[in-house]
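Numbering (the working numbering), first residue to last: 76 to 462.
Where a beta carbon is used, it is the ideal one built from N, C-alpha and C, also for glycine.
Written out below as structure tokens is the structure these notes cover.
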């Protein structure tokens, strides 16, 4: 075996061993050897390397199975920290997490939909705030992930964000220059799908769609457990499929787009005011007061969401659909209407094995998803180092 092949095998072995420690800790060297099929000397050597890099640590002795009590190993999730940022059309959410996705800091702020300068200022302010609260660690801040509602290509360039000109901000360059750490850019719905897969409670997501409904609508698509981005990275822009051929013109250039009928803004625009109260809170207050119009709006919202989901189900045949919207999450009536709409437009045979779920992570699904992207890159880079 040549040197290059030996190096690759060592990297793969190291990654395999770390994965076992992360998934099964506390775990002994002997148990790792048994689970991976690697010989004990290989496991011992790679574990020593990981210990030297502070990415794992020993926690004492475990139970004996007849001989000497084994020393147990754990992943050092506090070895470094990540920041995940979700920039929406009217909000920014920032989370600081450890390497296991545990949230240390969570801050968010409402934004004006049009003012891009305020968006930039708020982004820097909130990231700075999270960094100030970051605990000391061997690796410090290992990277920042940012997601946006719009087209992000495979090179992490923000091509177009139809509901707010975020694409005018050179986010990657701006953040790299300001914070001097690796920066990762992703579509908001894609990030939400990753967040739910890695940290949500929807189960083993193999064939699933994450539907993010805010000012617009985006889809994160999981096929065989992996995120599907398409040729250029633009897959999942389902909010801009036409459901009315002669409908109104959308900012994207198309007509009759799904999000013109099924987004928060399109359905609840009569309730948007200059008050400080966020829309979901206003809607809930009206529902609690028995407002007839708001219940009719719920029916409309659920109906048009269901119309689009029928198209997605017939196209992608997902096992699981995860909905992410604060108003939907708060009002089961909307979910009932979505289900009724789907069942009225699909044959019973096609409905026997799909699950419609509400996002278990809620507003932080996407920010956690981009945090995971940073963590994954950091650990891969660590495995690629020669030590």
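Residue from the options with nearest C-alpha to residue i
{"i": "residue 191", "options": "172, 208 and 241", "result": "241"}
{"i": "residue 194", "options": "228, 165, 132 and 320", "result": "165"}
{"i": "residue 406", "options": "100, 416 and 361", "result": "361"}
{"i": "residue 390", "options": "89, 123, 105 and 294", "result": "294"}
{"i": "residue 291", "options": "332, 251 and 324", "result": "332"}
{"i": "residue 231", "options": "214, 266, 314 and 400", "result": "266"}
{"i": "residue 75", "options": "289, 281, 356 and 313", "result": "Only positions 76 to 462 of the chain appear in this structure, which leaves residue 75 out of reach."}
{"i": "residue 96", "options": "126, 315 and 203", "result": "126"}
{"i": "residue 248", "options": "274, 229 and 219", "result": "219"}
{"i": "residue 334", "options": "228, 198, 382 and 274", "result": "382"}
{"i": "residue 301", "options": "273, 233 and 206", "result": "273"}
{"i": "residue 213", "options": "180, 323 and 151", "result": "151"}
{"i": "residue 428", "options": "330, 111, 458 and 392", "result": "392"}
{"i": "residue 400", "options": "321, 256 and 373", "result": "373"}
{"i": "residue 180", "options": "159, 94 and 198", "result": "159"}
{"i": "residue 87", "options": "418, 161, 145 and 112", "result": "112"}
{"i": "residue 167", "options": "157, 320, 376 and 183", "result": "183"}
Exposure label - residue i; buried when at least 16 CB within 10 Å
{"i": "residue 287", "result": "buried"}
{"i": "residue 438", "result": "buried"}
{"i": "residue 279", "result": "exposed"}
{"i": "residue 134", "result": "exposed"}
{"i": "residue 211", "result": "exposed"}
{"i": "residue 173", "result": "buried"}
{"i": "residue 462", "result": "Its pLDDT being 46, under 50, residue 462 is placed unreliably in this model, and the value from its coordinates should be taken loosely. So residue 462 ends up on the exposed side."}
{"i": "residue 238", "result": "buried"}
{"i": "residue 342", "result": "buried"}
{"i": "residue 460", "result": "exposed"}
{"i": "residue 84", "result": "exposed"}
{"i": "residue 430", "result": "exposed"}
{"i": "residue 365", "result": "exposed"}
{"i": "residue 416", "result": "buried"}
{"i": "residue 148", "result": "buried"}
{"i": "residue 419", "result": "exposed"}
Residue i - partner residues in DSSP beta bridges
{"i": "residue 370", "result": "According to DSSP, which records beta bridges pairwise, residue 370 is partnered with nothing at all."}
{"i": "residue 431", "result": "396"}
{"i": "residue 324", "result": "330"}
{"i": "residue 183", "result": "168"}
{"i": "residue 412", "result": "Residue 412 pairs with nothing; no bridge assigned."}
{"i": "residue 319", "result": "None; residue 319 has no bridge partner."}
{"i": "residue 379", "result": "The partner list for residue 379 (beta bridge, DSSP) is empty, contrary to what the question assumes."}
{"i": "residue 91", "result": "According to DSSP, residue 91 bridges with nothing at all."}
{"i": "residue 103", "result": "147"}
{"i": "residue 302", "result": "297"}
{"i": "residue 160", "result": "169 and 221"}
{"i": "residue 178", "result": "172"}
Proximity below 8 Å, CB of residue i to CB of residue j
{"i": "residue 296", "j": "residue 310", "result": "yes"}
{"i": "residue 171", "j": "residue 115", "result": "no"}
{"i": "residue 221", "j": "residue 385", "result": "no"}
{"i": "residue 107", "j": "residue 130", "result": "no"}
{"i": "residue 387", "j": "residue 284", "result": "yes"}
{"i": "residue 263", "j": "residue 441", "result": "yes"}
{"i": "residue 153", "j": "residue 121", "result": "no"}
{"i": "residue 119", "j": "residue 104", "result": "yes"}
{"i": "residue 447", "j": "residue 176", "result": "yes"}
{"i": "residue 371", "j": "residue 354", "result": "no"}
{"i": "residue 224", "j": "residue 305", "result": "no"}
{"i": "residue 169", "j": "residue 217", "result": "no"}
{"i": "residue 449", "j": "residue 259", "result": "yes"}
{"i": "residue 397", "j": "residue 271", "result": "yes"}
{"i": "residue 344", "j": "residue 329", "result": "no"}
{"i": "residue 226", "j": "residue 312", "result": "yes"}
Residue i beta carbon near the ligand COA (any heavy atom closer than 7 Å)
{"i": "residue 334", "result": "With respect to the ligand COA, the structure offers nothing, as it holds no ligand at all."}
Residue-chain proximity (residue i, chain B), Cβ-Cβ < 8 Å
{"i": "residue 375", "result": "In the structure shown, chain B cannot be found, because there is only a single protein chain."}
Task: Sequence ranges, beta strand (DSSP E) only - wholly within the stretch 109-141, length at least 3 - done: List check, beta strand (DSSP E) in window: 131-136.
Open item on the list: Suppose only complete runs of 4+ residues qualify. What are the alpha helix (DSSP H) ranges in the stretch 209-254, listed by chain order?
Closed with: Within the stretch 209-254, the complete alpha helix (DSSP H) runs of at least 4 residues are 246-254.
Task: Ranges of the beta strand (DSSP E) found wholly within the stretch 259-296, counting only runs of at least 3 - done: Counting only unbroken stretches of 3 or more residues, the beta strand (DSSP E) elements lying wholly within the stretch 259-296 are 283-288, in sequence order.
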